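*Asks:* Provided herewith is a single structure, encoded as structure tokens, for subsequent inquiry.
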Amino acid sequence: MWRQASRIANQCASKASNATMTPAPTGLSRLHYASNLVPQAMTRKLLFALCLLLLGSGVYAETKYVIDQIVITLRSGQSNQHQILRTLPSGTRMEVLEKSDKYSRVRLADGTEGWVLNQYLTSTPIARQRLAAAEKKLAELEARNTRLKEELAATSSKESNLSKQYAALKKQDEKLNEELNRLRRVAAKPLQLENENARLKKQLLELENEHELVQQENQMLRDSAEREWFLTGAGVIVLGIILGLIAPSLRPRKKSSWSSL
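The numbering used here puts the first residue of the sequence shown at 18, with every later residue one more than the last.
Written out as structure tokens, the structure reads:
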């Protein structure tokens, strides 16, 4: 970029030189021409310096942001003149033992006690910590959602197999009913027919019981899958609301000077 700036500055100087220089006169006007050389040279230098200044401001232009992390001081008393016992970053947990107009006496997790300004204390965790907790919860819900999808796929496969078994049993039941009707039309050997009819009825009853069990298991699988989907959807909606409430508190805060701590 400096090469480009130098090239543009040289072009500016060249244009300034062409604009200010005039052809050398002859005769009596040479003395007047010589007296104009000094102002022309100064004009070229000024234009060259101006071009460098304008280009320099563009080269060094850079976007910055105010950080949202602050550090406060834990002092031995209620003023900036008291000894600094420790510096505390944002999110440090402490117990308030005593409170005045501007300062609070606090105890840290390691037992250290001191005074901090009330304006830097809050009853809730900082937004960064809440966001981290929300992101962790979201990751857990997403993992659970993936697991439920896998379980639902397995349940759907099992339901498909049960449906095929039910269709086969139903077809077998129809065949048995046809056989029963055929036997009823037979006129010979009443006792044998009665025994055969009892056997077929018993087999039919067993098939009906098995069919009912299959239907109950199928309904239980569907109810379980619908309940899990509902709970997962509700959890994702609640987490979205939490993230929406936390996001505004993440705006950059003006960094306090060390003296105000």
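Where a beta carbon is used, it is the ideal one built from N, C-alpha and C, also for glycine.
Computed from a prediction, not measured in an experiment: that's the story for all the values here.
1) Which residue comes first and which comes last in the beta strand (DSSP E) that contains Thr-104?
2) Rounded to the nearest angstrom, what separates Leu-193 and Lys-166 at their Cα positions?
3) Rounded to whole angstroms, what is the Cα-Cα separation between Val-88 and Trp-132?
4) Would you check if there are 3 or more beta carbon pairs closer than 8 angstroms linking the region 181-189 to the region 157-164?
5) Apart from the five residues just before and just after His-99, which ones in its own chain have a Cβ nearer than 6 angstroms to its Cβ?
6) Does the Cβ of Thr-104 have 16 or more other Cβ atoms within 10 Å, making it buried, or fewer, making it exposed?
7) DSSP on Ser-266, reduced to helix/strand/coil?
8) On the CB-based measure, 16 or more other CB atoms within 10 Å of its CB, does Val-255 come out buried or exposed?
9) Whole angstroms is fine: what's the gap from Asp-127's alpha carbon to Thr-172's?
10) I'd like the span of the beta strand (DSSP E) that includes Glu-115, first residue to last.
11) Hey, would you say Leu-102 sits closer than 8 angstroms to Lys-119, going by beta carbons?
12) Got a sec? Which residues, its chain only, sit under 8 angstroms from Gln-95 by beta carbon, not counting five neighbours each side?
13) Quick one: complete alpha helix (DSSP H) runs, 4+ long, within the region 150-184?
14) Among the candidates Glu-159, Thr-90, Lys-153 and Asn-97, whose CA atom is the shortest distance from the CA of Glu-130?
15) Could you pull out every residue in the same chain whose Cβ sits closer than 8 angstroms to the Cβ of Asn-214, ignoring the five residues on either side in sequence?
16) Look at Met-111 and Arg-124 and say whether their C-beta atoms are less than 8 angstroms apart.
17) Is Val-231 near Leu-169, with beta carbons less than 8 angstroms apart?
18) According to DSSP, simplified to helix, strand and coil, what is Leu-138?
19) Whose CA, out of Glu-229, Ala-151 and Arg-216, lies closest to the CA of Gly-261?
20) Given a cut-off of 8 angstroms, decide if Lys-175 and Leu-238 are closer than it, judged by their beta-carbon atoms.
21) Under the three-state reduction of DSSP, which class applies to Ser-93: helix, strand or coil?
22) Just the Cα atoms here: how many angstroms apart are Thr-222 and Leu-155?
23) Using DSSP bridges, identify the partner residues of Val-88.
24) Would you tell me roughly how many angstroms separate the C-alpha atoms of Met-38 and Gln-86, rounded to the nearest one?
*Replies:* On the basis of the data shown:
1) 101-106
2) 40 angstroms
3) Val-88 and Trp-132 have their alpha carbons spaced roughly 14 angstroms apart.
4) no
5) Arg-92 and Ser-93
6) Exposed.
7) helix
8) So Val-255 ends up on the exposed side.
9) The C-alpha of Asp-127 lies about 52 angstroms from the C-alpha of Thr-172.
10) 111-116
11) Cβ atoms of Leu-102 and Lys-119: not closer than 8 angstroms.
12) Ser-117, Lys-119, Tyr-120 and Trp-132
13) none
14) Thr-90
15) Leu-197, Leu-200 and Arg-201
16) Taking C-beta atoms as the reference points, Met-111 and Arg-124 count as a pair closer than 8 angstroms.
17) no
18) coil
19) The option with the nearest alpha carbon to Gly-261 is Ala-151.
20) yes
21) Three-state DSSP puts Ser-93 in coil, outside helix and strand.
22) The amino acid occupying residue 222 in the given sequence is Leu; Thr does not appear at that position. Using only the alpha carbons, I get a separation of about 51 angstroms.
23) Pro-106
24) No answer about Met-38 holds up, because its pLDDT of 43 lies below 50 and its placement is not dependable.
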